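Heads up: the protein sequence lines correspond to chains A and B, in order. With my numbering, letter number 192 in the first sequence gets 173, and the count goes up by one each step, no holes. With my numbering, letter number 214 in the second sequence gets 244, and the count goes up by one each step, no holes. For each residue, glycine too, the CB sits at the ideal point set by N, CA and C. None of these values were measured; they are calculated from a predicted model. Contents: one structure, followed by commentary.
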Amino acid sequence: MSEPVKLLGAFGSPFTHRAEAALRLKGVAYEFIQEDLGNKSELLLRHNPVHKKVPLLLHGDRAVAESLVIVEYVDEGFEGPPLLPLGDALARASARFWAQFALDRCSRTLFKALWTPDGEARKGLVAEAKENLALMEARLEGRRFFGGDEVGYLDIAASGLAWVTVLEELAGAERSMIGEEEFPALCRWRGEYTSHEAVKACLPSRGQIVAFYAGMKEKLALLATSMQK
Amino acid sequence: MVAGEEKGLVLLDFWVSPFAQRCRIALAEKGLACESVEQELLGDKGELLLRSNPVHKKVPVLLHAGRAVCESLVILEYIEDAFPEAMPRLLPADPYARAHARFWADYVDKTVYGIGTRLWKLKGEGRAAARAEMLETLRTLEAELGGKAFFAGEAFGFVDVALIPLTSWFYSYEEHGGFSVQEEFPRLAEWARRCGERESVAKILTKPEDVLDFIGLLKKCYGIVE
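Right, here's the structure in full:
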């Protein structure tokens, strides 16, 4: 498979990060094309007409959209260490199940909680997020990564949890919802994940993300309120 | 024919659940016998369900030698992985074809049922918005299907399994939305008929009128008066 690989993505997007992390972990050479989401390119609109979103992987003349679909495509289409465990159907199913959970019930809920003004609604969202985070905490079972000794599919899917503290800082939160005391394993995992060689290369620095998001506070708040349950 | 009983396959099921039906169709297509255990969902949920799916407390759950797999699309992938010799394969071997299948199954999952629920639950503006989204969704699926026999081409597969049980709900969506799938999306209608010729689909899908009755029951539960 020596056809060129291009990734259309956006700076500061946890979804784009997932696709990049997969490419880097598999050792796939790719060209990153920065999309201006306020002025989407013809390339993006032509190859992802359904969602018109990043990330979008272009491999030769093939277009793959949706971050986790891209992660699986990269895993199956290229040589390199497996992201989903090989030969263990139950472990693969478990990784997929918890990946969806991490996306829908953790990252998403945390994001909404962050931008909901103080009150009953916010308390409820935070409580829900923490309940769900506790399940992710338990999944680590004292291991370095969700994937075991190496970063895997579920670590990539859960990477949004590594971004949340940055957004919390931006939203002016006093303390992170993912606190050391309540979630020691997740905090340790976050450190391991963000300092991993391959991952580091496609994770902007904290300072860069804060600067980037600072101009978007209103947009983020609006996005959170428009997200359905 | 591979005997599922020897493999200890049990599906925690609910008669009208299109998600459980995805799993039953996949298993039937592959000749994997599986015991279906009807769950009580409108009242108190059973202990086995709560133990097997503590996170979502939903059906379907596939129990394989006592180990639980939850979420219908995860179950479909599990069946492919755990029984690689069971034909036909619902996901092709080619990574790009697999990505295409996963993308479209994910699209179906993010749209049809959720929009459909708003269509029958809401009134006025809410219903109108849901109607517009439903038509947009069906339009997208119609275009993607194009002139192909099935979503992947010649062979019945992953996306077809993901979508076909939801076609039992089309009649209810038509009634609430005031549109006709046959008229506006003839290729989709033809595809549904084609799938319906398969023994698995014919046996497993709920009759559209029964789905409408079920929605009527749900409305009573939610205190919705039409």
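query, result
"Neighbouring residues, chain A, relative to ASP190 of chain B (Cβ below 7 Å)", "Residues of chain A passing the Cβ test: none, with the nearest at roughly 18 Å."
"Min CB distance GLU150 of chain A to chain B below 8 Å", "no"
"Option in B:SER102, B:GLY146, B:LEU218 with minimal Cα separation from ARG132 of chain B", "B:SER102"
"Presumed contact (8 Å Cβ cut-off) between LYS(-13) of chain A and TYR11 of chain A, rounded CB distance", "6 Å"
"VAL145 of chain A versus ILE194 of chain B: straight-line alpha-carbon distance, rounded", "38 Å"
"Which listed residue (B:LEU39, B:ASP139, B:ARG97) has its alpha carbon closest to that of ALA259 of chain B", "What is shown of chain B runs 31 to 256, which leaves residue 259 of chain B out entirely."
"Span separating the alpha-carbon of GLY133 of chain A from that of ALA74 of chain A", "13 Å"
"Simplified DSSP state of ARG156 of chain A, which is helix, strand or coil", "coil"
"Chain-order list of residues whose beta-carbon lies under 6 Å from that of ALA135 of chain B (same chain, five-residue window excluded)", "LEU103, PHE188, VAL189, ALA192"
"Per-residue contacts from TYR108 of chain B into chain A (C-beta, under 8 Å)", "ALA70, LEU71, ARG73, ALA74"
"SER66 of chain B in three-state terms, based on DSSP", "strand"
"Of the listed residues A:GLY(-7), A:SER(-17), A:GLU(-16), nearest to GLY196 of chain A (C-alpha basis)", "A:GLY(-7)"
"Which of helix, strand or coil DSSP assigns to CYS168 of chain A", "helix"
"Sheet register partners of ILE14 of chain A (DSSP bridge)", "A:LEU(-11)"
"8 Å Cβ cutoff met for LEU41 of chain B and LEU92 of chain B", "yes"
"Start-end ranges of the alpha helix (DSSP H) lying completely within the stretch 182 to 243 of chain B, minimum 4 residues", "188 to 193, 200 to 207, 211 to 214, 216 to 226, 229 to 234"
"Residue-level contact to chain A via CB, PHE181 of chain B, 8 Å cutoff", "no"
"Which of helix, strand or coil DSSP assigns to PHE126 of chain A", "strand"
"Neighbourhood of ASN123 of chain A by C-beta, 8 Å cutoff - its chain only, sequence neighbours within 5 removed", "Note on residue identity: the sequence assigns Gly, not Asn, to residue 123 of chain A. Within the same chain, GLY123 of chain A has close Cβ partners ALA166."
"Residue burial classification, GLU36 of chain B (beta-carbon count within 10 angstroms, cutoff 16)", "Note that GLU36 of chain B scores a pLDDT of 49, beneath 50, so its modelled location is shaky; the value from the coordinates is reported in the next line. Exposed."
"Cβ of GLU47 of chain A within 8 Å of any chain B Cβ", "yes"
"C-alpha gap between ALA2 of chain A and ALA179 of chain A, whole angstroms", "7 Å"
"Within chain B, partners of GLU178 of chain A - CB distance below 8 Å", "Correct list: empty, because the minimum Cβ distance to chain B is about 25 Å."
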